[in-house]
Amino acid sequence: MIEVKKLTKQADNKLILRGVDLSINKGETVAILGPNGAGKSTLLKVLATLIKPTSGDIKINGLELKKNHIAIKKILGYLPHSSLLYDHYSPLENLVFFGNIYGVKDVEKRAKELVKEVGLSFFLNEPVKNFSRGMIQRIAIARAIVHEPEILLLDEPHTGLDQGAISILNTVILSMKKKGTTTLMVTHDFKQAAEICDRIIIVKNGKIVDDFKIENQSLGIVSEKYELQVEGVS
Ligand SMILES: Nc1ncnc2c1ncn2[C@@H]1O[C@H](COP(=O)(O)OP(=O)(O)OP(=O)(O)O)[C@@H](O)[C@H]1O
Ligand SMILES: [Mg+2]
């Protein structure tokens, strides 16, 4: 469960987030849509405890973010724009390294399973520096979930993925949802948002301008609401 109250974030005299109120229940899969520069990645970074809010209150699974960074980090999986992987390490070495940070049991077994899940077993021991963008993204996704986080924060997870990898990622997100994982995903891909999310949030100029549930994977509703809020078309 994520609870955000009156969140603001200022940097260089610029108010990036201007009073965000948000409540996300356990097991929800939520997409954050919005134009470039709206503040979506900034919101995710604040929730991932990477940057501090300027004001406001955040609770994650009942824990106050200000006071519980370490406990919160353990239950979060965060996929940023950059992969966070070590170039000279192989997928296996990367996943074992990050798994160990989180105290994952049978870490090598878990790492191998994940590499298989993202379809890269053939490259298990190749250094990541030789990988294509999509291959790196696949391993970055595996890294974000190595410790089976209760809450997943994904920043444009579908970017750079081919059709096969998109369906692998969607399967991963939906299977984690079945286990009760909460997912908050920033995306520009309305189709993927409609397909896997049960709720859409639209952010514009550092504020939430729309927040609605979707049923039957209705892409039409998503485009319609986005156009109305962001492009002013009705
Ligand atoms: N550390 C910082 N210092 C100053 N300005 C920043 C900082 N980080 C972000 N910004 C500004 O805040 C605004 C929101 O940035 P953010 O990366 O959150 O946008 P976004 O919604 O994720 O956009 P995109 O869709 O392009 O990824 C931008 O105008 C950006 O230049
Ligand atoms: Mg962004």
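Read the sequence shown against full-length UniProt numbering and you will find it ends at 234, with the numbers running on by one and no gaps. Backbone N, C-alpha and C define an ideal beta-carbon position, used for all residues, glycine too. All values reported here derive from a predicted model rather than from experimental measurement.
Under the criterion of a Cβ to heavy atom distance below 8 Å, does residue i qualify as lining ligand 2?
i: L186; result: It is Val, not Leu, that sits at residue 186 in the sequence shown. Yes.
i: K9; result: no
i: S41; result: yes
i: D155; result: yes
Beta-carbon within less than 7 Å of residue i's beta-carbon, same chain only, minus the 5 sequence neighbours each way: which residues are those?
i: I72; result: T49, I60, L63, L65
i: I136; result: S83, L85, V128
i: D198; result: E28, T29, K213, I214
May I ask whether a heavy atom of ligand 1 can be found less than 8 Å away from the beta carbon of residue i?
i: G37; result: yes
i: K52; result: no
i: H81; result: yes
i: V4; result: no
i: V203; result: yes
i: I210; result: It should be pointed out that residue 210 corresponds to Asp in this sequence rather than to Ile. No - ligand 1 has no heavy atom lying nearer than 8 Å to the Cβ of D210.
i: K14; result: yes
i: G34; result: yes
Which same chain residues end up closer than 6 Å to residue i when comparing Cβ atoms and leaving out the 5 residues on each side of it in sequence?
i: K6; result: G19, G56
i: Q10; result: T54
i: V209; result: I202, Q229
i: I2; result: I24, I60
Buried or exposed, going by whether 16 or more other CB atoms sit within 10 Å of the CB of residue i?
i: K40; result: buried
i: R138; result: buried
i: S82; result: exposed
i: G220; result: exposed
i: H88; result: exposed
i: E150; result: buried
i: N36; result: exposed
i: H69; result: exposed
i: S94; result: One detail in the question is off: residue 94 reads as Asn in this sequence, not Ser. Under this definition N94 is a buried residue.
By Cβ distance below 8 Å, which residues in the same chain neighbour residue i in space, the five residues on each side in sequence not counted?
i: residue 235; result: Here the chain comprises residues numbered 1 to 234, so residue 235 is not present and cannot be evaluated.
i: F190; result: L33, L219, V222, S223, Y226
i: A165; result: V118, G119, G134, Q137, R138
i: S90; result: F123, L124, N125, E126, P127, V128
- prompt: Are the region 26-39 and the region 168-180 in contact at 8 Å, needing three or more beta carbon pairs?
  reply: The region 26-39 makes contact with the region 168-180: 3 or more CB pairs, one atom from each, lie closer than 8 Å.
query: If we count Cβ pairs, one from each stretch, closer than 8 Å, do we get three or more for the region 9-20 versus the region 166-175?
result: Segments in contact, no.
field: Complete beta strand (DSSP E) runs within the region 5-60 (minimum length 3 residues, chain order)
entry: Segments of the beta strand (DSSP E) lying fully in the region 5-60: 14-24, 29-33, 55-60.
- prompt: Okay, do the region 150-164 and the region 88-103 touch, 3+ Cβ pairs below 8 Å being the bar?
  reply: The region 150-164 vs the region 88-103: no contact.
query: What alpha helix (DSSP H) runs, 4 residues minimum, are completely inside the region 115-182?
result: Segments of the alpha helix (DSSP H) lying fully in the region 115-182: 133-145, 163-178.
Segments assigned alpha helix (DSSP H), at least 4 residues, entirely inside the region 53-105: Within the region 53-105, the runs of alpha helix (DSSP H) at least 4 residues long that lie entirely inside it are, in chain order, 69-75, 91-101.
- request: Scan the region 183-225 and note each continuous beta strand (DSSP E) run of 3 residues or more that stays entirely inside, going in chain order.
  value: For the region 183-225, whole beta strand (DSSP E) runs of length 3 or above, ordered along the chain, are 199-204, 207-213.
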